[in-house]
Amino acid sequence: MRFGLELGQNKVFTPLDQLELLYKPAAIVPGGSSGRLVVVSNRVPLASSSAAPAAGGLAIALKAALKARGGLWFGWSGKTSEESPLAPQWRTFGSLTYAVSDLSRRDMEQYYHGFANRALWPICHYRLDLADLSECNAAGYFRVNEQFARQLHMMLRRDDIIWVHDYHFIPMGRFLRELGCVNRIGFFMHIPWPGPEVASALPAYQRILRSFGAYDVVGFQTETDADNFRDCVASANAGRVASGDWCEIDGRRTQVSAFPIGIDTEAFAKEARAVEQSMTVKCTLASLEGRDLIIGVDRLDYSKGLKQRIEAFCTFLERSPQAARARVTMLQITPKSRSEVPEYARLQRELAEEAGRVNGKLGDVDWTPLRYINKTMSRSALAGLYRIARIGLVTPLRDGMNLVAKEYVAAQAPDNPGVLVLSQFAGAAHELKSALIVNPYDIEATAAAIARAYAMPLEERKDRWNAMMAVLRANSIHDWTAHFLKALGQEREGKEIDAPLIEHARLPATVGLGRTAPLPASVDCIRGARQLTAARRRIYLTVTE
Ligand code: GDG
């Protein structure tokens, strides 16, 4: 018997016994052989052919991890359909299966555009002024998460290890638990998490916060984000914060830690070296006619600080007669994103106007100071353009990490590296301390940092670059995947941590970091933690039998 599934343009026929294999639960073996890795993310990089464009670093690293242990990648197809929910469509390549599901138009409006991109995104980026707090969008967010959880639950085996990604799916773990899922489930937040004063503006704040308690491991980009989250848990009485990165939320223990995401440093450096002679690089160099290049690469998003960056570049040219005479040129590559969301459509118009204004004011018949491009470039073209740029401008107003900062550094030529100007509000600033760190709201200071980068002697550029490369090499995207999966696999490998739960109490913040510190352990809490662990083991064994 054969079963037909539509996948993009292709109709895939799959024998029914293979479908059964996909849905059939496997027996749990605590501490035994490793199960599949199941990744859940909003978009699934399902390449329909080998001619598809190369995936980004995150997709490559996750794919490698999925292939290594066998896996399933599940998420939204990127398409809408009239009816919802439809059964997921899936496709298998060797040990890796992709399963994707469409959204109805209403789900897309409420869950994706409405709640994920107009409530969670702005609030997590500290933009309360741009947030839409509509209740029905919040309801749509939970509804779609429940739908996806039901679909995923049907496909799970009992020894799968599940890794949920990003703000679109915060409640996914909670719904899976309600369906009886006892697997290890981890969650990684790619965007920032603000403190309670800002986060509590979220519609359904308590429900969202408590949703995190369904996960065994919750990862954030920086210690600051993880601390903010712990502060939210404590101040909302959603649980208790313990020593050693542990939180108890709604009676369940969750590890809350920072796992700063990296890039494939060596591969990116190699790519940048290799494309030095490419047509894109040669044509760009020819068009510059010896002028120095400053580069910015960002999705078109208000969090990226593009207006302030253009203003800072303009101020730099006005304050620096030498640079103006040398006709330094800025290339800003900004692929459009989320154009259906009104705030993004408005920003798109405003940036185009601003670019025109700068070029009208400072340009000449043979010089366009700002090359503002809304096109998506190939990954290798980007690597080559980073390499020829004397300055990398990465000045978001708020960013979980910012991979462009890391890519710019990795792409530099060791004997003549460029300078990274980096926002203090990017997660990357926690690691790349040898960049020129700026406050992107301060236009004059950012312009001064550009001037300093422009004039920086070779020895200083090399010292700064070497220091940053050492950081990137020590924490690549592969290390990130391994660290997270190791934390998530602790129990499976019989290494469950029996750290005592300790009442959360805030001591005066330590200088600069604002970290919280625990008080001595309370006997009741320790007992509670042990009971919880024992109860969880009992459930585990019951399921196994
Ligand atoms: C979220 C968080 C966090 C950009 N333009 C083109 C292109 N890109 C690539 C870059 C980079 C990626 O897109 C952008 O990554 P970012 O980290 O800068 O920003 P978000 O998209 O907002 O990502 C962020 C990240 O998740 C990972 O956890 O760092 O904080 O917001 O890799 O190179 N790639 C190609 N053409 C382009 O025109 N090929």
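Every position in the sequence shown, counted from 1, becomes a number in the numbering used here once 24 is added.
Positions of the beta carbon are idealized from the N, C-alpha and C atoms, including for glycine.
Cβ-based burial, residue i [other Cβ within 10 Å; buried from 16]
| i | result |
| --- | --- |
| Leu226 | buried |
| Lys385 | exposed |
| Glu272 | buried |
| Ser458 | buried |
| Val389 | exposed |
| Gln301 | exposed |
| Arg254 | buried |
| Leu447 | Sequence inspection shows Ser at residue 447; the Leu mentioned does not correspond to that position. The residue in question, Ser447, is buried, as its Cβ has 16 or more Cβ neighbours within 10 Å. |
| Leu512 | buried |
| Lys87 | buried |
| Pro481 | exposed |
| Glu484 | exposed |
| Lys48 | Confidence at Lys48 is low in this model, with a pLDDT of 36, below 50, so its placement is unreliable and the value that follows should be read with caution. Per the 10 Å Cβ criterion, exposed. |
| Ala75 | Because Ala75 sits at a pLDDT of 39, beneath the cut-off of 50, its placement in the model cannot be relied upon, and the following sentence gives the value as read from the coordinates. Looking at its Cβ environment, which holds fewer than 16 other Cβ atoms inside 10 Å, Ala75 is exposed. |
| Gly204 | exposed |
| Asp325 | buried |
| Thr248 | buried |
| Arg264 | buried |
| Pro146 | buried |
Residue closest to residue i, alpha-carbon to alpha-carbon, out of the options
| i | options | result |
| --- | --- | --- |
| Ser500 | Phe292, Pro366, Ile147, Asp388 | Phe292 |
| Gln175 | Tyr165, Val64, Gly219, Lys486 | Val64 |
| Gly59 | Ala310, Arg181, Glu290, Arg373 | Arg181 |
| Gly451 | Thr392, Phe283, Phe508, Val382 | Phe283 |
| Lys360 | Val352, Ala250, Leu375, Gly384 | Leu375 |
| His646 | Ala369, Val462, Val418, Gln448 | Absent from the model: residue 646. The displayed extent of the chain is 25 to 569, so no value can be given. |
| Gln16 | Thr505, Lys328, Asp503, Val242 | The displayed coordinates of the chain run from 25 to 569. Any statement about residue 16 would go beyond what the structure contains. |
| Asn490 | Asp439, Gln134, Ile285, Ala471 | Asp439 |
| Gly94 | Leu427, Ala83, Val68, Val62 | Val62 |
| Ala413 | Gly380, Tyr432, Val462, Lys399 | Tyr432 |
| Ser267 | Val280, Cys256, Arg276, Asp274 | Val280 |
| Leu157 | Gly320, Ala143, Gly387 | Ala143 |
| Asp131 | Phe172, Gln245, Glu468 | Phe172 |
| Pro420 | Gly387, Ile215, Val305, Arg349 | Ile215 |
| Val352 | Lys87, Gly164, Tyr478 | Tyr478 |
| Glu322 | Ile397, Asn383, Leu203, Pro220 | Residue identity differs from the one stated: residue 322 is Asp in this sequence, not Glu. Asp322 has its Cα closest to that of Ile397, out of Ile397, Asn383, Leu203, Pro220. |
| Ser402 | Met354, Val305, Leu110, Glu455 | Val305 |
| Leu417 | Glu313, Met480, Leu355, Glu107 | Leu355 |
| Arg241 | Ala83, Arg277, Val462 | One point to set straight first is that residue 241 is Val, not Arg, in the sequence displayed. Taking only the C-alpha atoms, the option nearest Val241 is Arg277. |
| Ala379 | Ile415, Ala350, Leu330, Val365 | Leu330 |
| Lys430 | Gly275, Glu455, Met213, Ile461 | Glu455 |
| Tyr165 | Glu364, Leu152, Ala83, Glu133 | Glu133 |
| Glu367 | Leu154, Trp145, Cys307 | Leu154 |
| Arg115 | Val68, Trp391, Arg381 | Val68 |
Beta-carbon proximity list for residue i, same chain, < 6 Å, skipping 5 on both sides
| i | result |
| --- | --- |
| Leu192 | The identity of residue 192 in the sequence shown is His, whereas the question assumes Leu. Asn66, Ala140, listed in sequence order. |
| Asn207 | Asp184, Ile186 |
| Ala296 | Ala407, Arg411, Ala435 |
| Ala228 | Ala162 |
| Asp522 | The pLDDT assigned to Asp522 is 42, lower than 50, so where the model puts this residue is not dependable, and the model offers no usable value. |
| Ser404 | Glu295, Val299 |
| Leu120 | Leu90, Lys91, Gly95 |
| Asp316 | Val352, Arg414 |
Own chain, CB closer than 7 Å to residue i, minus 5 neighbours either side, in chain order
| i | result |
| --- | --- |
| Gln230 | Ala260, Ala262 |
| Met303 | none |
| Lys103 | Asp126 |
| Tyr150 | Pro218, Val222, Arg422 |
| Asn169 | Phe193, Pro195, Met196, Phe199 |
| Ala89 | Leu61, Thr505, Leu509 |
| Phe340 | Ala347, Ala471, Ile474, Ala475 |
| Pro486 | According to the sequence provided, residue 486 is Lys. The question's Pro does not apply to it. Closer than 7 Å at Cβ, skipping near neighbours: Pro441. |
| Thr289 | Ala434, Leu496, Arg497, Ser500 |
| Ala78 | Any reading at Ala78 is ruled out, since the residue's pLDDT is 48, under 50, leaving its predicted position unreliable. |
| Phe244 | Met213, Trp217, Ala250, Phe253, Ala282 |
| Asp503 | Gly286 |
Residues near residue i by beta carbon distance below 8 Å, same chain, minus five either side
| i | result |
| --- | --- |
| Ser105 | Asp126, Leu127, Ser128 |
| Pro112 | Phe98, Ala123, Val124, Ser125, Gln175, Met179 |
| Cys256 | Trp217, Gly219, Pro220, Ala223, Ser224, Leu233, Ala262 |
| Tyr239 | Val188, Gly197, Ile209, Gly210, Phe211, Thr278 |
| Asp287 | Reading off the sequence, residue 287 comes out as Ile, not Asp. Closer than 8 Å at the Cβ level, and outside the excluded window around Ile287, lie Gly81, Leu427, Lys430, Glu431, Ala434, Leu496, Ser500, Ile501. |
Q) Counting pairs of beta carbons, one from the segment 196-213 and one from the segment 226-239, are three or more of them closer than 8 Å? A) yes
(Q) For a minimum of 3 consecutive residues, which ranges assigned as the beta strand (DSSP E) are wholly contained in the segment 347-384? (A) 353-357
Q: Pair every Cβ in the segment 486-502 with every Cβ in the segment 347-362, then say whether three or more of these pairs are closer than 8 Å.
A: no
Q | Contact the segment 466-482 vs the segment 334-349: 3+ CB pairs below 8 Å | A | yes
Q: Would you list, in sequence order, the uninterrupted alpha helix (DSSP H) runs of no fewer than 4 residues that lie entirely inside the segment 93-135?
A: none
Q) Of all the beta strand (DSSP E) runs that stay within the bounds of the segment 250-284, which reach a length of 3 or more residues? A) 263-265, 270-273, 276-282
**Q.** beta strand (DSSP E) runs wholly inside the segment 191-221, at least 3 long, in chain order
**A.** 208-212
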